[in-house]
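Chemist:
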Amino acid sequence: MSEIIRGQAMELDKPLKRESLWTKAFKKFIHDKMGMASFFVVLMFLLITILVWSGLIAQHWDSLLADGQMGPNSTYWFGTTINGQDIFQRAIYSTKTAFEVGLMVAIFATVVGALAGAVTGYFSGTVLDEFILWIMNSIDCIPYFLMVAAIAVALDDNPYSMHIAMTLAFWTGTARVVRGEVIKLKNMEFVEAAHSLGVPVYRIIYKHLLPNTTHIILVDMTILFITAIKSEVILSFLGLGIKDSISWGLMISEASGEITAGYFCNFFAASGMLFVLVLAFNMFSDSLQDALDPRKV
Amino acid sequence: MNNLHKDSLDIEKAAPILTVDNLTVDFTTDKGTIRAIDGISFEVMPGETLAIVGESGCGKSVSSLSIMGLVPSPPGNIVDGSIKFNNRELIGLSEKEYRKVRGNDISMIFQEPMTALNPVLKISTQMVDVIRLHNKVSKSQAKERAIKMLETVGIPSPESRIHEYPHQLSGGMRQRVMIAMALSCGPDLLLADEPTTALDVTIQAQVMSEMVRLQKQLGMAVVLVTHDLGVVAESCQRVVVMYCGQIIEQAPVNDIFANPKHPYTQGLLKSIPVVRERKISRLPTIDGVVPDLLDLPSGCRFTDRCQFSEDRCRTNRPQLSGTSTHQVACFNPIGGM
Chain S
5 MSEIIRGQAM ELDKPLKRES LWTKAFKKFI HDKMGMASFF VVLMFLLITI LVWSGLIAQH
65 WDSLLADGQM GPNSTYWFGT TINGQDIFQR AIYSTKTAFE VGLMVAIFAT VVGALAGAVT
125 GYFSGTVLDE FILWIMNSID CIPYFLMVAA IAVALDDNPY SMHIAMTLAF WTGTARVVRG
185 EVIKLKNMEF VEAAHSLGVP VYRIIYKHLL PNTTHIILVD MTILFITAIK SEVILSFLGL
245 GIKDSISWGL MISEASGEIT AGYFCNFFAA SGMLFVLVLA FNMFSDSLQD ALDPRKV
Chain C
950 MNNLHKDSLD IEKAAPILTV DNLTVDFTTD KGTIRAIDGI SFEVMPGETL AIVGESGCGK
1010 SVSSLSIMGL VPSPPGNIVD GSIKFNNREL IGLSEKEYRK VRGNDISMIF QEPMTALNPV
1070 LKISTQMVDV IRLHNKVSKS QAKERAIKML ETVGIPSPES RIHEYPHQLS GGMRQRVMIA
1130 MALSCGPDLL LADEPTTALD VTIQAQVMSE MVRLQKQLGM AVVLVTHDLG VVAESCQRVV
1190 VMYCGQIIEQ APVNDIFANP KHPYTQGLLK SIPVVRERKI SRLPTIDGVV PDLLDLPSGC
1250 RFTDRCQFSE DRCRTNRPQL SGTSTHQVAC FNPIGGM
């Protein structure tokens, strides 16, 4: 009898087409037109960043090339600043600054946040959890402008003080999201099964719990990327951000004096680039969320 | 059936592989402390299949979790008793020592095959991980062993199946994978916590027959926690009946079915639907409900639902007594002792 049943089982269970969660998400994503369009815009910005990085374009952003306050023309597409610098080159070069801030903060804050979230989530209710939560709450109480100023002073004008401050300020958000998901996951049977097979706790956290939060972490990363770029603009405008370089925030800051005099080139170039990148990245982030969400078909 | 009985008698002579003695587990809740398990004692012989039966909330699952050292704490707390595996006391082992026991000496399979596998990892990753955790073997050796194990539990074309994700497998397949994983390090004792409850009936039969076959092949002992008496009749040698955290009857399987002593056991057996009965009448049930664990009667816990209960049942608690094979905790066992 059991042989017959086994025989039937073999016929019924022909191997399925191999499809991992990633290929599934990928397929969903490439069918999302808005997602793909925004993705290409983001890719373009990334390309610009790489070109700037490798020193191929916009290397003369700081040179005094022409008369000041020129309007847009064939040589200087976006016109020139009051000092005669090429606004187009400055705007392009700022892309690199923005990506630098966005990537660094997104990566470091997510790594710290995911680890802290996983640990607090796994040990939720214990003293360790309470302690880390208390640290997170304390950090959230400090306005990060203040934190940047404090860290900038503490680090003696280190060019990366802004990056460090933002990382320190933003990891708590990721940690909270991951913590919630881990609390949900740790009560599921596969975690209990892992326990029953003798898997040590640290392995359960990094092998069973964290991979199950990847979709959240990835989306959170894209959101952090945008937040960091927007914050950079605000901080640079306030004079707390980038030093010895150029960024959209600094350009807008410069423009604040020019606008009253009727010169808009600097302002429009910087905010236009910022607007396009943030919009595209937001749309990309939305589509990514849809693609990675296992509940959405 | 006769052969089974003979087997179980032979087993009696050997030393038990697992001895649970006076195990008591408390759970702290908002309303007070609940004694989920109240002084249970039983033994498991090598190569034997022991069934723990009882209704929901009677402490079956907590007993198996206690053996694994996985009672969630807080709120759970083992307050008394001992659990000896191969003459080694398990209660009080450090987490690190316990981890060496889990999966290697004692393994467990769970009720829900749908959620008992990590959804984002391939079967191969999960199995290789477990094998390498307890054995010093290379990745490829571990994978070979995993494939062999999958083949053993009856998974067709294991070489390709092993590269799949849990969501690509059916429920029965997943439970087989779970069993394969639990057995991959050759445990001496397998705890199966309602392994077939979440499966449909045909798959239940497949998985159970597979388990019985594997048990014979690998010679391990199995503790089967279930409320399905049909499964018990087919695959077990000895039965422990639990009610409200206590063992109320303990006997070889054919004794339990032919000659139940405790009124509760009898009630359980009566409420099994009989397929071949011509006239379908109302299925007999046990009257009343399980008493609140926060407010247990001082005497026998079944007394309110028992048709034979007397005054002394309400005040005194009956102890397990009887012959060496068949024990019952009742003042008025059916058919005498």
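Those sequence lines, one after another, are chains S and C. If you read the first sequence in my numbering, its first letter stands for residue 5, the second for the next number, and so on. If you read the second sequence in my numbering, its first letter stands for residue 950, the second for the next number, and so on. Beta carbons are placed, not taken as given, at the ideal position from N, Cα and C, and that holds for glycine. Note that the coordinates shown come from a computational prediction; the quantities given were computed from them, not determined experimentally.
How is the beta strand (DSSP E) around Q1195 (chain C) delimited, first residue to last?
Modeler: Position 246 of the second sequence, counting from 1, holds the residue named residue 1195 (chain C). Segment 1195-1201, the beta strand (DSSP E) holding Q1195 (chain C).
Chemist: Given a cut-off of 9 Å on the beta-carbon distance, is the pair T218 (chain S) and L292 (chain S) in contact?
Modeler: The count along the first sequence starts at 1 and reaches residue 218 (chain S) at position 214. The count along the first sequence starts at 1 and reaches residue 292 (chain S) at position 288. Contact: no.
Chemist: Would you check if the stretch 76-94 of chain S and the stretch 247-262 of chain S touch, i.e. whether three or more CB-CB distances between them fall below 8 Å?
Modeler: yes
Chemist: Quick check: what's the CA-CA separation for C1134 (chain C) versus S1031 (chain C)?
Modeler: As a working mapping, residue 1134 (chain C) is identified with position 185 in the second sequence. As a working mapping, residue 1031 (chain C) is identified with position 82 in the second sequence. In a straight line, the C-alpha of C1134 (chain C) is about 25 Å away from that of S1031 (chain C).
Chemist: Name the one or two DSSP bridge partners that S1031 (chain C) has.
Modeler: By 1-based counting over the second sequence, the position of residue 1031 (chain C) is 82. Answer by DSSP bridge pairing, in chain order: C:D970.
Chemist: Alpha carbon to alpha carbon, how far is I1096 (chain C) from F43 (chain S)? Give it in angstroms, no decimals.
Modeler: Reading the first sequence from its first residue, position 39 is the one you call residue 43 (chain S). Reading the second sequence from its first residue, position 147 is the one you call residue 1096 (chain C). Each residue's alpha carbon lies about 41 Å from the other.
Chemist: Can you tell me whether L201 (chain S) is buried or exposed? The criterion is at least 16 other CB atoms within 10 Å of its CB, across all chains shown.
Modeler: Walking along the first sequence from the start, residue 201 (chain S) turns up at place 197. Buried is the call here.
Chemist: Is the Cβ of I1058 (chain C) closer than 9 Å to any Cβ of chain S?
Modeler: Residue 1058 (chain C) sits at position 109 when you count from the first residue of the second sequence. Yes, I1058 (chain C) lies at the interface with chain S (some Cβ there is under 9 Å from its Cβ).
Chemist: Ends of the beta strand (DSSP E) at Y210 (chain S)?
Modeler: In the first sequence, counting from the first residue as 1, residue 210 (chain S) sits at position 206. Looking at the DSSP string, Y210 (chain S) is not in any beta strand (DSSP E), and its letter there is neither H nor E.
Chemist: Just to confirm the assignment, what range does the beta strand (DSSP E) spanning F127 (chain S) have?
Modeler: In the first sequence, the residue the question calls residue 127 (chain S) occupies position 123. Note, F127 (chain S): premise wrong, no beta strand (DSSP E); not H, not E.
Chemist: Mind checking whether C1255 (chain C) and E1198 (chain C) have CB atoms under 9 Å apart?
Modeler: The residue labelled residue 1255 (chain C) in the question sits at position 306 within the second sequence. The residue labelled residue 1198 (chain C) in the question sits at position 249 within the second sequence. Contact flag unset, no.
Chemist: Assuming S1012 (chain C) is part of the alpha helix (DSSP H), what are its boundary residues?
Modeler: Here the question's residue 1012 (chain C) lines up with position 63 in the second sequence. Counted as a single uninterrupted DSSP element, the alpha helix (DSSP H) harbouring S1012 (chain C) occupies residues 1009-1017.
Chemist: For R1051 (chain C), return the contacting residues in chain S, with the cut-off set at a CB-CB distance below 9 Å.
Modeler: Here residue 1051 (chain C) refers to the residue found at position 102 of the second sequence. Simply H199, S200, L201, G202, V203.
Chemist: Quick check: the Cα distance between F135 (chain S) and V123 (chain S), rounded to an integer number of angstroms?
Modeler: Position 131 of the first sequence, counted from the start, is the residue given in the question as residue 135 (chain S). Position 119 of the first sequence, counted from the start, is the residue given in the question as residue 123 (chain S). It is roughly 11 Å from the alpha-carbon of F135 (chain S) to the alpha-carbon of V123 (chain S).
Chemist: DSSP beta-bridge partners for M225 (chain S)?
Modeler: The sequence position of residue 225 (chain S) within the first sequence is 221, counting from 1. In DSSP, M225 (chain S) forms no bridge with anything.
Chemist: Which partner residues does A122 (chain S) have in the DSSP bridge list?
Modeler: Within the first sequence, numbered from 1, the residue matching residue 122 (chain S) stands at position 118. Beta-bridge pairing links A122 (chain S) to no other residue.
Chemist: Could you pull the start and end residues of the alpha helix (DSSP H) that Y148 (chain S) belongs to?
Modeler: The sequence position of residue 148 (chain S) within the first sequence is 144, counting from 1. Its alpha helix (DSSP H) spans residues 148-158.
Chemist: One question on the structure: do T1175 (chain C) and A1065 (chain C) come within less than 9 Å of each other, judged by their Cβ atoms?
Modeler: Taking the second sequence and counting its residues from 1, the one referred to as residue 1175 (chain C) is at position 226. Taking the second sequence and counting its residues from 1, the one referred to as residue 1065 (chain C) is at position 116. Against a cut-off of 9 Å, the Cβ pair of A1065 (chain C) and T1175 (chain C) comes out as no contact.
Chemist: What is the rounded straight-line gap between the Cα of D160 (chain S) and the Cα of K32 (chain S)?
Modeler: Here residue 160 (chain S) refers to the residue found at position 156 when the first sequence is read from its first residue. Here residue 32 (chain S) refers to the residue found at position 28 when the first sequence is read from its first residue. So the two alpha carbons sit approximately 48 Å from each other.
Chemist: Can you tell me where the alpha helix (DSSP H) holding E1159 (chain C) begins and where it ends?
Modeler: As a working note, residue 1159 (chain C) is residue 210 in the second sequence. Counting along the chain, the unbroken alpha helix (DSSP H) around E1159 (chain C) starts and ends at 1150-1167.
Chemist: Counting only runs that start and end within the stretch 1109-1156 of chain C, where is the beta strand (DSSP E) found for 3 or more residues in a row?
Modeler: 1138-1142
Chemist: Can you tell me which of S:W175, S:V205, S:T85, S:Y97 puts its alpha carbon nearest to the alpha carbon of K1045 (chain C)?
Modeler: For the purposes of this step, residue 1045 (chain C) is taken as the residue at position 96 of the second sequence. That would be S:V205, whose Cα lies nearest to the Cα of K1045 (chain C).
Chemist: Below 8 Å CB to CB, which residues in the same chain sit around M287 (chain S) once its five sequence neighbours on both sides are set aside?
Modeler: Stepping through the first sequence from its first residue, residue 287 (chain S) is reached at position 283. The residues are M38, G39, A41, S42.
Chemist: Please list, in chain order, the chain C residues whose beta carbon lies closer than 9 Å to that of L119 (chain S).
Modeler: Position 115 of the first sequence, counting from 1, holds the residue named residue 119 (chain S). Simply none; closest approach about 18 Å.
Chemist: Please check if any C-beta of chain C sits within less than 9 Å of the C-beta of K32 (chain S).
Modeler: Start at 1 with the first residue of the first sequence, and residue 32 (chain S) comes out as number 28. Answer no: the Cβ-Cβ gap between K32 (chain S) and chain C never drops below 9 Å.
Chemist: With 9 Å set as the bound, which would you pick, yes or no: does the beta-carbon of T114 (chain S) sit closer than that to a beta-carbon of chain C?
Modeler: Your numbering for residue 114 (chain S) matches position 110 in the first sequence. No, no contact with chain C.
Chemist: How about L1245 (chain C) and C1185 (chain C): do their beta carbons lie closer than 9 Å?
Modeler: Taking the second sequence and counting its residues from 1, one reaches residue 1245 (chain C) at position 296. Taking the second sequence and counting its residues from 1, one reaches residue 1185 (chain C) at position 236. Not a contact, by the Cβ cut-off of 9 Å.
Chemist: So, does the CB of I211 (chain S) fall closer than 9 Å to a CB anywhere in chain C?
Modeler: To locate residue 211 (chain S), count along the first sequence from 1; it is residue 207. Sequence check: residue 211 (chain S) is Lys here, not Ile. Yes, K211 (chain S) lies at the interface with chain C (some Cβ there is under 9 Å from its Cβ).
Chemist: Assess contact between the stretch 102-119 of chain S and the stretch 223-239 of chain S, defined as three or more Cβ pairs (one per stretch) separated by less than 8 Å. Is contact present?
Modeler: yes
Chemist: D290 (chain S) by DSSP, collapsed to three states: which one?
Modeler: Along the first sequence, read from residue 1 onward, the residue named residue 290 (chain S) stands at position 286. Taken through DSSP and simplified to helix, strand or coil, D290 (chain S) comes out as helix.
Chemist: Determine the extent of the alpha helix (DSSP H) in which M994 (chain C) is found, giving its start and end residues.
Modeler: Along the second sequence, one-based indexing puts residue 994 (chain C) at 45. Neither: M994 (chain C) is in no alpha helix (DSSP H) and is coded neither H nor E.
Chemist: So, helix, strand or coil for N1026 (chain C), using DSSP?
Modeler: Taking the first residue of the second sequence as 1, we reach residue 1026 (chain C) at position 77. In this structure, N1026 (chain C) counts as strand in the three-state DSSP scheme.
Chemist: Give every residue of the same chain whose Cβ lies closer than 6 Å to the Cβ of A295 (chain S), excluding the five residues on either side of it in the sequence, and list them in chain order.
Modeler: Here the question's residue 295 (chain S) lines up with position 291 in the first sequence. The answer, listed in chain order, is A29, K32, F33.
Chemist: Our contact map puts I1072 (chain C) next to I1111 (chain C) with C-beta atoms below 8 Å; I'd like the distance itself, whole angstroms only.
Modeler: As a first step, residue 1072 (chain C) is located in the second sequence; it is residue number 123 there, counting from the start. As a first step, residue 1111 (chain C) is located in the second sequence; it is residue number 162 there, counting from the start. Between I1111 (chain C) and I1072 (chain C) the Cβ distance is about 5 Å, and since that is below 8 Å, they are a contact.
Chemist: Less than 9 Å between CB atoms is the rule here; does G261 (chain S) satisfy it with respect to chain C?
Modeler: Locating residue 261 (chain S) in the first sequence gives position 257, where the first residue counts as 1. So, not an interface residue.
Chemist: So what does DSSP say about W39 (chain S), is it helix, strand or coil?
Modeler: Residue 39 (chain S) sits at position 35 when you count from the first residue of the first sequence. This sequence places Gly at residue 39 (chain S); Trp is not what is there. In the structure shown, G39 (chain S) sits in a helix (DSSP, three-state: H, G or I).
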